[in-house]
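Residue numbers (our numbering), protein chains in the order written: chain A, 420 to 699; chain B, 5 to 362.
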């Protein structure tokens, strides 16, 4: 028994090691200057350039047009991540609410059509999507970045399953209490769905934050670059004829990791709490 | 407060399943009506139609003088207590009670007054700031009742409100519901499958079977004069003994087998007779006194404390008969038993239709 526990721990430790090491190395390397990294490669010890490097990437304008800095990209990523997650939650909750609680013709068919779009990820429909966004003049706008992505079959499916597990008597009690469809949604369903919303928010925020292909396609204006999309672009320009600024690239990568990690850490405690306490 | 009138109310599901087959009931102001029947008899459907949660296929439901067929549940001036309480889990007890009043646009201080008043009546004042999940089953039940009371409705509708409680609490809450209904004088319709609850609570019972009314009447009348074999077997615990009998030259005898003797007072060829276990008397010798006499042998003696039940059967098998005896009676398995039922305690039913013969 004891042996088994030790081997369990070894496996867990190995897992943690493999996941955390690259991040730690990237962070350590990001605290050195470019010359050291160019001469010696990846750094295993903390260097003395932490503040300088992070200040540079956050506030010194780089890129081709010298208009964008790390802070702006961080802001853009945040707008995309939040807009993406909130938009998906709103749209999929409303869709699931319609499917579960309203009797309209071909509701089941509607649901399966929505569900079938899971088979068509963004990559498959990227050209028509681009075409539409472009013809609407939404290229290089935040709405162009966010709106085409917020329809969510996964979210709709999760909310549908959750709504179906809410006892019918609650709806009936609310009807007798004089709550119309909107009030029932706002006063009963949304509060009950809190944990579900938190869960989907975590998943969708991280997913939105890490979007690469769509922002690459839809933003050509550097002031709209997101972090994930910007690192490479900005680095290319920085490289030029001089020594590559690996320290700054590493610092940007670390900055790109921090917000999703924070979101997961903050929301996970709610999420777990919600799973443990049965609220229905 | 109001009367409720059901006028040949029918409910058909999906075009062919008839759940309620033309039910008419007149419920007086302040009356406590209990709809009782086995599951699938249409009692819940009937209640839900009164509440407005189910559409009425044909017929009319009137609350007071108003036909409410197409009136929204919230506007029918009724309050409903659900089996699983249906409390809003994310709201405090106070908000659970206040929610319906808020939706009606009632003034805050009036809401507060009503909630406090209901809390006082139901003794839930200490839990007003708690969430439902922090309450016990009995407390939740009280909150559910409170949500009905604060509305000061024309009628209370109860949908098996006690079936999620344990036996002891159920008796306690049953008494409380009765007391509360008396005190408030609000017309009430109560659905249950438990005949004991039905007997104890009702001013009048409505026994339903297969979407039809079998009998309406005061509990004791239904018990004393069941209108059909269905009512006879459903009301009263343990259930009435029902025996198929036929007339022969000497009077009545069992349709199959021997062990029963009695005069044929109704002049027909075949009956089903019903005798309650509490009306069968163990006698020392066959043929003593008038009425019907049975000869059976003991299978099992089941003591329940205040009394005991004897499961016994006739010599050549057939129906088992149940006899209530004193808790001190001693009977051995296979012991020969002479039983007698007095004439006034024998119920006669038509052998074909099961309808009562008087």
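Positions of the beta carbon are idealized from the N, C-alpha and C atoms, including for glycine.
None of the values given here were measured: they were computed from a predicted structure.
- DSSP, reduced to helix, strand and coil, places residue 359 of chain B within a strand of the structure shown.
- Taking 7 Å as the cut-off, the Cβ atoms of residue 596 of chain A and residue 103 of chain B count as close.
- Taking a Cβ-Cβ cut-off of 8 Å, the neighbours of residue 586 of chain A in chain B comprise 88 and 90, given in sequence order.
- Interface criterion not met: the Cβ of residue 168 of chain B is under 7 Å from no Cβ in chain A.
- For residue 597 of chain A, at least one C-beta of chain B is nearer than 7 Å to its own C-beta.
- Taking 8 Å as the upper bound for CB-CB distance, residue 246 of chain B and residue 345 of chain B are not in contact here, some 13 Å apart.
- Taking C-beta separations shorter than 7 Å and ignoring five residues to either side along the sequence, the partners of residue 504 of chain A in its chain run 620, 623, 624 and 627, following chain order.
- The beta carbon of residue 456 of chain A sits closer than 7 Å to those of 448, 462, 665 and 666, all from its chain and outside the five residues before and after it, given in chain order.
- By the CB criterion at 7 Å, residue 43 of chain B and residue 195 of chain B fall outside the cutoff.
- Residue 18 of chain B counts as exposed, since fewer than 16 other C-beta atoms from the protein chains shown sit within 10 angstroms of its C-beta.
- Here residue 230 of chain B is buried: its Cβ has 16 or more other Cβ atoms, across all protein chains shown, within 10 Å.
- Taking 8 Å as the cut-off between beta carbons, none of the residues of the segment 616-635 of chain A comes near chain B.
- At a C-beta separation below 7 Å, residue 602 of chain A has these neighbours in chain B: 107.
- In this structure residue 211 of chain B touches residue 40 of chain B by the C-beta definition: roughly 6 Å separates them, less than 8 Å.
- Residue environment: residue 522 of chain A is assigned as exposed (fewer than 16 neighbouring CB atoms within 10 Å of its CB, all protein chains considered).
- In summary, residue 93 of chain B is buried, with 16 or more beta-carbon neighbours lying within 10 Å of its beta-carbon over all protein chains present.
- Under DSSP, residue 29 of chain B forms a beta bridge with B:10.
- With respect to residue 270 of chain B, residue 361 of chain B sits close: the two C-beta atoms are nearer than 7 Å.
- Note on the segment 43-122 of chain B: whole alpha helix (DSSP H) runs with a minimum of 4 residues are 47-55 and 97-107, in chain order.
- For residue 552 of chain A, the uninterrupted alpha helix (DSSP H) run begins and ends at 545-554, by DSSP.
- Bridge pairing for residue 342 of chain B: B:287 and B:299 [DSSP].
- Counting other Cβ atoms within 10 Å of its Cβ, residue 280 of chain B reaches 16 or more and is therefore classed as buried.
- When only Cα atoms are considered, residue 567 of chain A and residue 430 of chain A end up about 42 Å apart.
- Listed by position along chain A, the residues whose Cβ is nearer than 8 Å to that of residue 84 of chain B are 591, 592 and 595.
- Annotation: Cβ neighbours of residue 607 of chain A in chain B (cutoff 7 Å, chain order): 92.
- Taking the CA atoms as reference points, residue 532 of chain A sits about 31 Å from residue 59 of chain B.
- Nearest C-alpha to residue 298 of chain B among B:222, B:51 and B:317: B:317.
- If you check each beta-carbon in the segment 519-536 of chain A against every beta-carbon of chain B, none falls closer than 8 Å.
- Of the candidates B:136, B:79, B:151 and B:327, the residue whose Cα lies closest to the Cα of residue 101 of chain B is B:151.
- In this structure, DSSP gives residue 335 of chain B a state outside helix and strand, which the three-state scheme calls coil.
- Residue 571 of chain A counts as buried, since no fewer than 16 other beta carbons sit within 10 angstroms of its beta carbon.
- Taken atom to atom, the span from the alpha-carbon of residue 356 of chain B to that of residue 167 of chain B is near 35 Å.
- Taking C-beta atoms under 8 Å as the contact rule, residue 330 of chain B and residue 307 of chain B fail to qualify, at a distance of about 10 Å.
- Interface annotation, residue 610 of chain A: in contact with chain B, CB-CB separation under 7 Å.
- Rounded to the nearest whole angstrom, the CA to CA distance from residue 497 of chain A to residue 575 of chain A is 23 Å.
- At a C-beta separation below 7 Å, residue 10 of chain B has no neighbours in chain A, since its nearest C-beta there lies roughly 19 Å away.
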